[in-house]
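Position 197, counted from 1, in the sequence shown is what the UniProt record's numbering calls 197; the numbers after and before it change by one each time, with no gaps.
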Amino acid sequence: MRFGTPCWIDLATTDPKASRDFYGGLFGWQYRANPTGDYLTALADDVPAAGFYRVPDMPDAPAWTLYLAVSDSHRTADRIVRLGGQILMPPQEFDGQGSLLVAADPTGATIGFWEPAAPWPFATGTKGEFRWAELNTWDGDAADKFFVDLFGYQLEQIGDGEDFDYTTWTLLGDSEPVAGRMRFGPDFPAATKPHWMIYFEVGPMLGTDEATVLAVRLGGRLLSEPADSPFGRLSVVEDPAGAVFTLIDSSNRQTPHAPSEEELGVGNDDPYDD
């Protein structure tokens, strides 16, 4: 696992049972509780794919949190503050598995950091597993600078940088980017909060259209109709508890570049708008 790469995702939810039933029905996840029962691990083909934990009262809508791998959570926390971020949860040890912290970047989006104590399995890339994450924010330059300074990412501008400002972040020496960053355009409501969008792979056997129909049948809400993009065929869905995510079939991906604002459904019903 390289530091600066996505290494985990989890969901804070007011109704873990509803979340478990929804994602289990959608992705075929099985579940395993930790010894205290307060954290649930979702398994895709017996490999950990995501986590759930209950929050009795949430001021904002439930949301998926992305975690990036770090070598030292305490030093990372210090660097986050020096670079203009804010610590939301200081580094905490978890049962000898490692240490995590949660912060907000200078643009206000929540992001987690995980220091694993041992090799950490994380299912990615196939049906029902993490595929991609992108930071959606108002200040793209500030977000780019923060994460480049933190991890040494190499930037590539995918859009024109003006009407469509989308960068990808790649670790030095790698060919594939680890994440993306999109600057909100004028079609986004002014109250839209910066946030990370998590993409789940559905695979060609199910496909984005059928997965979207299934998600709605299971109680989800469609926010953006399935559409083709260079990144793959995708749709945006809100789960029954209010957490938003993207479904994608990347088997027809044409280039490694990111989808456009139009393809992402910009201007549709926005769950992050207060």
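Note that the Cβ used here is the ideal one computed from N, Cα and C, for glycine as well.
Within the model, the alpha-carbon separation for Tyr39 versus Tyr53 is close to 5 Å. When Cβ pairs closer than 8 Å are counted between the two stretches, the stretch 79 to 98 is seen not to touch the stretch 9 to 21, the count staying below three. Counting only the Cα atoms, Arg217 lies some 25 Å from Arg32. For Tyr199, the enclosing beta strand (DSSP E) covers residues 195 to 201. According to DSSP, Asn136 shares a beta bridge with Met182, His195. If the five residues before and after Glu129 are omitted, its C-beta is found closer than 6 Å to the C-beta atoms of Ala44, Ala49, Ala123, Glu201, all from its own chain and listed in chain order. With a beta-carbon spacing of about 6 Å, Leu222 and Thr212 fall inside the 8 Å limit used to define contacts. Contact check for Pro121 against Val47 passes: the beta carbons are separated by less than 7 Å.
Here Thr167 is near Gln157, since their CB atoms are less than 7 Å apart. Straight-line spacing of the CA atoms in Gln30 and Arg253 works out to 28 Å. In this structure, Gly51 sits away from Thr65, with a CB-CB distance that is not shorter than 7 Å. Residue state for Phe164 is assigned as coil, using DSSP reduced to three classes.
Taken through DSSP and simplified to helix, strand or coil, Ser251 comes out as helix. Where Gly51 is concerned, there is no enclosing alpha helix (DSSP H), although the beta strand (DSSP E) around it starts and stops at 47 to 54. Between the alpha carbons of Tyr23 and Val237 lies a distance of about 12 Å. Under a 10 Å Cβ-count criterion, Asp78 is classified as exposed, with fewer than 16 other Cβ atoms of the shown protein chains found around its own Cβ. For Leu83, there is no enclosing beta strand (DSSP E), since its DSSP letter is neither H nor E. Taking 8 Å as the upper bound for CB-CB distance, Ala143 and Arg82 are not in contact here, some 16 Å apart.
Comparing alpha-carbon positions, the option among Thr126, Phe151, Asp249, Ala241 lying closest to Phe113 turns out to be Phe151. Going by C-alpha positions, Trp138 is about 36 Å away from Met205. In this structure, Arg75 is the residue among Gly25, Arg75, Gly220 with its C-alpha nearest to the C-alpha of Glu115. A straight-line Cα-Cα distance of about 27 Å links Met1 and Thr107.
Bridge partners of Tyr39 according to DSSP: none are assigned. The DSSP-derived three-state label of Ser73 is helix.
Distance between Gly84 and Ala104, taken at the CA atoms: about 9 Å. Residues of the same chain with a CB within less than 6 Å of the CB of Asp165, apart from the 5 flanking positions on each side, are Gly140, Gly159, Arg183 in chain order.
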